[in-house]
Each structure stands twice: as structure tokens, then as C-alpha cells.
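Peer 1:
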Amino acid sequence: MSKYKDKDGGVVLSFGGHWVSWAHTTVAYAAFLSALIVGVSLHYQKIVQNEFYGYPQEWFPSVSATIGDRYPERSFFMIFIAITSGPRFALVGLFYLLTRRSDSRLPGFIASMGLLRTLTCGGWTYITSTDDHDWHDILMISYIVCTLPWTLGCIALSPPNPRAIKYRKYLGGAFFGTLVPLVYFFIQHKVHRVAGAYTIYAFFEWALILFDVGFDAVTALDFKTFEVVVRDVKGLSKGFINAVAEILERHRKEQVTGALYSLHFTWSEAFDTVADVYHGFVFWSMLTSLGLVVWYFPLWHMGISGYEAFVLASISPVLLTGPLRNIVVNNQRIIHLLSLSGVAAYLVLDPVKRLFTVGFGVAMSTLGWVATLHAESLHAARFESKLLGLLIGLIVSSTAKFAWQTNNPIWPIMHAANGGWNLSGLIVGILAALRFTRKTPLTSNSSNYVKKGSNVLAACGVGGIFFGMHSLLSDTSTMILWVWEGFPVRGPYFSTHGWCTLAAMSIGVFAGIYRPALAGSWGVYVAGTGGTLVLTFFGHWFGYYGALVTAAYLMAVAVPLLANASKKNPATTFGLGFFIYVFLVLFHVWVVAYAFVPGGPLVREHTDWIMYSMAGLIGAGVYDYNASQSRKPQHRASSASQHKKYFGFATIFVNILFLCAAFMRFPTNDYKPYHAKDRILTAGIWTIHFSLDNDMWSSEYRMRDLIKEMELDVVGLLESDLQRIIMGNRDTTQFLAEDLGMYVDYGPGPNKHTWGAALLSKFPIVESKHHLLPSPVGELAPAIHATLDVYGELVDVFVFHSGQEEDPEDRRLQSEYLAKLMGSTPRPAFLLSYLVTKPLEGNYNNYVSETSGMHDVDPTDWDRWCEYILFKKLKRVGYARVSRSTITDTELQVAKFVVPGSTAEAQQLDSVSAEERNRRVQEEEVPEGWRFPTMFRGQGVRGHRYHVFDEPRYFS
């Protein structure tokens, strides 16, 4: 630093710009380190204490505990971080002055991210989680979101200083790489409650601080060019250096930054990218909704209804032949706007008319998209933009479903009452469709299109790839549930690892775009097929590794296969392709619904056949792609890379949104039962009919309300496996578990060919095993056997769905199997079940027997056929039946138990006589904490009331 009088008469004080960086770095580190030193000195054991463990299991404090919990360390941190703000704003401003150019808006955008990042840092610093947990988290997430464009932008805009760029790459990579082990050890602490995991997490959290501040410290190498007056002593920031020097500078930058700087941002292209992606999202939203609204009809008719024919709506591209092709191609805007009827279908209340509306929308959407791809296929950049919009639209659809806990907010089964955003989705959809179709379609004589190869083989590839993307990738939890085997968790978890699937999909898209020949090669096909087989035949983490390979491969190979098909006769390649897709969709249903379709037993339980078929069809497409390629190298348009970067940033942004949603959905595992002081366990059984109510609306919200108001601590759900195309690839248990604060076991996965059994519990699930009971003739009967930690005692629960009435031998074998299974546990236990038997008759006497050791919750309740609750070694104190309203076709049955405090007490409860056990008493004779809610007496609420007995029953 120097103080002098400049010979030109302008400067009285000057210092090098790098001192701004050093001041920022020094004060920022001082803020964190001073808080750490003071905190360890004054409150060591208190700041290493977490919700599960303290010293010595945990011996190093987290950042949040150090800077936000106690005085005076919190004050040290806040004072220094306030001082940091001055150099921080100066650092952002100087970097903008250094990198601004007259022909690029990127420096301005990055500067705005730097300012927003600074403001959000102040937000989560001064609003601690103790003050306001929600705002602290929102501002912290916003800070991390802004860090990504700031990091990439600083690397992209970095002056041609190899040393600075190298440091930025290392520190930026270290920052984002640290997030992976950070999340892993946080899961180990929060979910698995591993002692010492939070200490390791704390080290990675502190590493993030070091890397984050260190990344900004690199500006000291760049700011040496500045002398603060402010004057640029080397001329890099003036914006009018000579043309030759500018060209050389750009060339050097592109070499060291991967040509990121060459992205010339324009709002027009950004809007085009958003429109393409959103319109792709609308396509996948409508396609994935069609099966749902079709499924409603055989579901309520309990058989073939005739409405199943609407699954053929997607084969509309068969119309793209002869003069109709030119009519559709030249009127794409009308077709794409008409396709939005599928989004507007929520306005149609009658289920039949809503089905017709959705079917029409899907037909128009498929027709419009195929016409667009076909018309644009002669122009590389325009075609790739549309294809990227379609594929990234799938990524957006999966992200939206994750954020809405596996429901798509613009589906026709959604509306405002159950979390739908239909109107907003429709308005944005109209704007996106108008923007999507604003350019004149490219048309030419059909003789210009590829004649090599086979249209039929190309159609096979189209059918296989659309089925694969729809069945496996339209929800990030689908493949996770394929490999789910129960507690303890030994593989991925849907809410904490779903992003891994999305990341694999994102990588796959751009691998296909940048290396289509590689994606369409036989070597990659073998690897992708291998991943599919691993997913099919293995569970836990190994099976999920196969799922990640499958996700990346399907998205990658979609690029060459769809590009190849678009250049041929679309009526065949896509019309026949979607017909094959429809066949696979039906095949996908028949493997579990074999009892309801002609010839169904031939494909019973053969998901492996489906996967072989999908792989074989994709292989046919790969063969045709390679046979159709010209041996001459093809010239690619020079502008083609520009749109890829826009879509690349869009994909990164969607991934960030997914991670934000994952952060908000992270399991807290601090669940509390409703009547802990009375040691009451309230259990229920409910057959939820695939979460579609009588009026074809998704029923999760209404189910949630009844479960909460009945104060259920444990609930078994049957007919709950929705992870199939025809059911929307949903999972109702995710919403219920997270909203109600419960642990969840999904039960046998979608590749186990059952209609589903799930368990939700306020009590920790110590262990669970899944069973497929003997079913030689009829549909498979699923069961869950779980052990719960109930008030410090181990209690077993069984959730079971018996076979159909038409298969008596199956039901007999199942009753014997389950009786032995229930009898195998010496612990207190209860059964939540669907038995298909009359009380005191037939198979009932297997379930309630010496073999099982189980007792009926109310032997005098003669009006039962399906749902039963049984128990042993528990004190049963209440039983109620609650009407379903219009949610499903089966009531909710509920029982209340007092959990014994010891093994001896449990044995004593089991030895009492049947007469004493079943002695009824009046409600006023039992403690208040044992009683059922009064709101369901009389007419009840929302169509729910105590029925059959017109009141709950209580036992002494």
C-alpha cells in the first residue's frame, strides 16, 4: 500500500486489488475459527452433543453447533462475518470489472449470483436454526444453489491464468465432491443413528467452509492486475483491446475453460430452452397419466371394462402417412395446443369424459412430437434442441414427481384439494407450446430422408426405449423399490438416494448427445443390458448399481435410436413403435394381473421376460442404427454446440431443484406415538384400492387426514403397490410416512408380482422380512413380518393380504403358512390382514389357533369377510370400524393395545381365559388416553363415522 501524489494529479492513495481478496479470506476464516476456538474452550461437551450421542462418542462439533447455538462464540462469528461483507461485495464487484465484456451478459449474471450468494449467506448466518428453522434452511439451500453458477461462472470467466484456473478447478471440485460424503455420514447419523458418524460429518462440513472461502481466495491471483483507485494497470477490463489480442485471449480461455466462455447468453435462446423442456415435461406428464385414468375402470369394474382400449391413444403417429403427414407437419402449433387438453382434463369431473379428454390429449401430444422430430431431423441443431427438450422433460417430470412425493402436480387425478398445480401447469403449458412452435417447421421431400436400414427394426427400438424410460425412469423411486428388501436398510432409500438415479439419467442424456455413435454401439449395449439384468436379479446396493447403469444407458441410447427413427417413415417407426410400447405396457400388467386377462397365466410372474423383451427390442434398434449410418463423416453445424450448453445448464438447474427437494424431504426420524404416557399402541388395517377414490382423484390427502385423526401409531396398507405404468409409478406410502411422521416398509417390491402390502409405524422398525405365501393357482399373497421397538419392548407385527375367493386351495395353504409364521415369534404380536374368510369358520381357525397363538380382536364381530386384526401377549383395550366415505371400497379397522412392560407381564396377558380377555366395558370405565376420538360418532366428519356397532368397543 502506498500514499503519494500521481504525476497526472489523480491518485492520493492506492493499493493492489489482491488485498481485497486477502482481507476477505482472512476475516472469513477468522469468523469461523474464532467461534470454533471459543466454543471448544467454553462449551466443548455441549457443542459436540447431538440428538443421539454426546462426548466421547462424538468429539468434534459441527459448524452449525459452533456458530449458532451459544454465546459468546455466536457473537464472535457474527461480528467477523459482518466485517467480511465489505471485502465480499468489493470482491464480487472487482471480478465483474475484470471480466465484463460488451458482447456478453454472462459476467453480469455471475456477478448477480455473487451478490445473491452474499445476501443469502448473511441470511442463514443471522437467522439460525434456533431462531427460525425453516428460513434458515431456505436461505442455506439458496446459498448452495447460487454457489454452483458462481463456481462454474468464475471458472468460465477466469482470465487466462493457468495457475488460477487450476486452483479454481481443484477447490470447486473438492467443494462439490465433499457434498457426497457429507450427505452419506449425515444419513448414517440421522437415519441409522451410528455413533461417531456426526463427528465425521462435522469434519466434512468444516472442509466445505475451507474450500468455499479458499475458492474465492484465488481471486488474489487475478486482482494483481488491479490497483485500487480503481485503475486497470494491464488493460484487461477496458473492453476495447485490439482485435488480435482479443481473439488470442478468447482462444486461451476456451482452451482452459472448456469453451464455457463462448456461450453468448440471450434471453431468446433461454426462453426457447425453457419452452422445449417444459413442453417435453408436459408430454411425459400426459403419457404417464394415461395408464392411471384407464386403470380406474377395470379397478372399479373388477374386470375388463372396455375402456382399456384407450391405451392405444399413443399410436396416433400412424396417421403420419400420405397427405396427412404434410397437414400435421405444417400445422404443428394447432396439434401441440390441442394436446394440452390432457392437462386441462382435471376440469372434467365425470371419470368417463375425463378419460376421453386425456386419451385425446395423449394422441395429439404423441402425434405432434413425432411430427416435430420428423420435420426437424434434417437440421442437427434444431433437431437436437427438440430431442433434448423431450428427454430433459422426462428428467423434469421425475423431479416434479419426487417433489410431490410421486404424484405429478399436473396429472388429471390431481386438483387443488390434493396438491395439484393444474391451472398453473396449463397456463405455462400454453405459453411453452406457443414458443415451442414459433419457428416455421422444416419440411422437404420424403426422398431426402434415410432409406437405409429397416423401418420395422427402428420401430422396435422406439418401442423398447419408450417402454424402458416410462416403466423404469418416470419415477426415481421405482428401481430403488425393485431392490428394497426391508429393514435394516441395506441398499438405497427412496428419499435420500433418488437423486443418484436422476444424475445417472442426466449423464446419459449428454453422453448420447455428445457421443451418439458410442451410445449406439454394441459394446455399450452389452454394458447397458448387463445393468438391466443386475437390476432384475439382484437386490440391495448391487442391484441398484445395475439400476444406475440402466438409467444412464436408456437415456443415452434414446438419442441415436430416436434420431435414426425420425429420419425414416414416421408412420412406421413411431406408429408401430408405440404399438410395441403399448404391448409391453400390457405385458407389464399381465405379469401380476394374470388372473383377470385371457392367457394371463402364461406370463405369470415373468418380469424377467419383460426385461429380456425390452433389451431385445432396443438391440434391434441398435442394429438398425448402425446399419443406417453413412460411412462418410458428417459435417455438424458450427452453432450446434451453443444449444447444448443451454440445455446443459437447464439440466444442472433441474438437478439442483431435485437436491433442494431431497433436502426438504430428508427423514427426521424423531417420530412420537400419540399416547406414549399410557403405553398405548393404536393399529389399523386399510385396503386402499391403489389410492384412487370413487371419483378418480388421488386419495393420499384424504387418507392422511383419517389416519391422523384416528391417531394411528401403526397402520397396514393393502393393494398399495403402485409402481407400474398402469398405476402411474407412484408410492402413496412416501407421502403418508413423511407427512404423518412414520417409518415405512414398502413390502415386497414391484418386481415381486403382488398387489402390495405396506407398513407405516410411529415406532422404529428394527427388522422386517418380506414373504410371498403359497399361491399355486391364484395371485401372489404378500406379507410383511416386522419387529418394532415399542416403548423399549420388541413387538412383532404382520401385514398380510390373502388370495382371492375363487382360489380356496391357495387360501388354505396361505392360512397354514401364516399361522406357523405368527406362531414362530415368542414376542407380543398383532396381525393386520385381509383374510377372505367368515368369522369362526374355515381358514379362520388356522389363523386363530394354538399354532399361531393369536386371538381375534373381537370374536363377536360377525359382519366381517376381509379385514381382521389378531393379537397375542398384548392387552387389547379397544376396537372400532370406521366407514371409508368415497376414498376406497373398504373400511378402516382399528384396535388399541396396551404394551406390556416386561416378558412376564406379556406371558400373564396370554394366559388369561377367553371370557376374561373378551369382557366388554363402557367407555367411561377406561382411561381417557385409551379412548377413540369422539369426532367420528354419529354422522362423523367427511363421510367417516363409527359404523356396524355405531360406536367403538372397549375391553377390560
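Be aware that the sequence shown starts at 150, since it is given in the working numbering, and climbs by one per residue. Where a beta carbon is used, it is the ideal one built from N, C-alpha and C, also for glycine.
Once the 5 residues before and after Arg853 are set aside, which same chain residues still bring their CB inside 8 angstroms of it?
Peer 2: Phe884, Leu885, Asp888 and Leu889
Peer 1: Does the distance between the C-beta of Pro472 and the nearest non-hydrogen atom of the ligand SAH fall short of 8 angstroms?
Peer 2: In terms of ligand content, the structure shown is empty, and the ligand SAH therefore cannot be addressed.
Peer 1: Which residues in the same chain have their Cβ closer than 6 angstroms to the Cβ of Thr470, if we skip the five residues on either side of it in sequence?
Peer 2: Ala720
Peer 1: Name the residue from Ala907, Leu246 and Thr586 whose alpha carbon lies nearest to the alpha carbon of Arg482.
Peer 2: Thr586
Peer 1: Measure the Cβ-Cβ separation of Ser534 and Met654 and say whether it is below 9 angstroms.
Peer 2: no
Peer 1: Only counting runs of 4 or more residues, tell me where the alpha helix (DSSP H) segments fall wholly within the segment 788-815, in order along the chain.
Peer 2: 789-813
Peer 1: Please list, in chain order, all residues of the same chain as Arg753 whose beta carbon is under 6 angstroms from its beta carbon, the five residues on each side excluded.
Peer 2: Tyr743
Peer 1: Determine whether the beta carbon atoms of Glu958 and Val985 lie at a separation below 9 angstroms.
Peer 2: No, the Cβ-Cβ distance between Glu958 and Val985 is not below 9 angstroms.
Peer 1: Is the number of C-beta pairs between the segment 831-847 and the segment 889-898 that are closer than 8 angstroms three or more?
Peer 2: no
Peer 1: Assuming Ala935 and Gln963 form a contact by the criterion Cβ under 8 angstroms, report the distance between their Cβ atoms to the nearest whole angstrom.
Peer 2: About 19 angstroms separates the Cβ atoms of Ala935 and Gln963, ruling out a contact at the 8 angstroms cut-off.
Peer 1: Hey, out of Ile276, Lys821 and Tyr445, whose CA is closest to Ser847's CA?
Peer 2: Tyr445
Peer 1: Since Asp880 contacts Thr555 with CB under 8 angstroms, what's their CB separation in whole angstroms?
Peer 2: 5 angstroms
Peer 1: Leaving out the 5 sequence neighbours to the left and right, which residues in its chain are closer than 8 angstroms to Gly602 when beta-carbon positions are compared?
Peer 2: Asn713, Lys717, Asp773, Tyr774, Ala776 and Ser777
Peer 1: Of all the options Phe812, Phe1098 and Ile875, which has the alpha carbon lying nearest to the alpha carbon of Phe335?
Peer 2: Phe812
Peer 1: If you reduce the DSSP assignment to three classes, tell me which class Thr986 lands in.
Peer 2: coil
Peer 1: Where are the alpha helix (DSSP H) runs, 4 residues long or more, that stay fully inside the segment 819-901, in chain order?
Peer 2: If you keep only unbroken alpha helix (DSSP H) runs of at least 4 residues inside the segment 819-901, you get 849-858 and 881-889.
Peer 1: Hey, out of Met435, Ser170, Thr836 and Gly749, whose CA is closest to Gly452's CA?
Peer 2: Gly749
Peer 1: Just checking my contact of Val477 with Ala520 at CB under 8 angstroms: how many whole Å lie between their CB atoms?
Peer 2: Yes, they are in contact, since the Cβ atoms of Val477 and Ala520 sit about 5 angstroms apart, within 8 angstroms.
Peer 1: If you draw a straight line from the alpha carbon of Thr437 to that of Val443, how long is it in whole angstroms?
Peer 2: 11 angstroms
Peer 1: What first and last residue would you give for the alpha helix (DSSP H) that runs through Glu525?
Peer 2: Pro500 to Glu525
Peer 1: Starting from Val944, trace the beta strand (DSSP E) in both directions and tell me its first and last residue.
Peer 2: Glu942 to His950 is the extent of the beta strand (DSSP E) around Val944.
Peer 1: Residues in its own chain within less than 8 angstroms of Ala419 by CB, not counting five upstream and five downstream?
Peer 2: Tyr795
Peer 1: Restricting to Cα atoms, I'd like to know which of Ile837, Ile662, Pro561 and Gly578 is closest to Ile1036.
Peer 2: Among Ile837, Ile662, Pro561 and Gly578, the Cα nearest to that of Ile1036 is on Ile837.
Peer 1: Taking three-plus beta-carbon pairs below 8 angstroms as touching, is the segment 946-960 in contact with the segment 859-876?
Peer 2: yes
Peer 1: For Ala552, which option in Thr625, Ala705 and Lys502 has the closest C-alpha, if you only look at C-alpha atoms?
Peer 2: Thr625
Peer 1: With a threshold of 16 other CB atoms inside 10 Å of the CB of Asp371, please say whether the residue is buried or exposed.
Peer 2: buried
Peer 1: Mapping the DSSP letters down to three states, classify Arg531 as helix, strand or coil.
Peer 2: helix
Peer 1: Just to confirm, are His1004 and Ala1063 a CB contact at a threshold of 9 angstroms?
Peer 2: yes
Peer 1: Taking all protein chains shown into account, decide if Arg785 is buried (16 or more other Cβ within 10 angstroms of its Cβ) or exposed.
Peer 2: Its pLDDT being 45, under 50, Arg785 is placed unreliably in this model, and the value from its coordinates should be taken loosely. Arg785 is exposed by the Cβ-count criterion.
Peer 1: What residue range does the alpha helix (DSSP H) around Leu962 cover?
Peer 2: Pro957 to Gly972
Peer 1: Since Val294 and Leu264 are thought to touch, with beta carbons under 8 angstroms apart, how far apart are those beta carbons, to the nearest angstrom?
Peer 2: About 14 angstroms; that fails the 8 angstroms criterion.
Peer 1: Around the C-beta of Ser917, are 16 or more other C-beta atoms found within 10 angstroms, so that it is buried, or is it exposed?
Peer 2: buried
Peer 1: Closer than 8 angstroms by C-beta to Gln1071: which residues in its own chain qualify, once you throw out the five before and the five after it? Chain order, please.
Peer 2: Tyr1103
Peer 1: Check the DSSP bridge columns for Ser910 and list the partner residues they point to.
Peer 2: Ser910 is bridged by DSSP to Val863 and Tyr892.
Peer 1: State yes or no: is the C-beta of Ala906 within less than 9 angstroms of the C-beta of Gly898?
Peer 2: Going by C-beta atoms, Ala906 is not nearer than 9 angstroms to Gly898.
Peer 1: Which residue wins for smallest C-alpha separation from Phe297, given the options Ile805, Pro1076 and Tyr642?
Peer 2: This sequence places Leu at residue 297; Phe is not what is there. Selected option, being the one with the closest Cα: Ile805.
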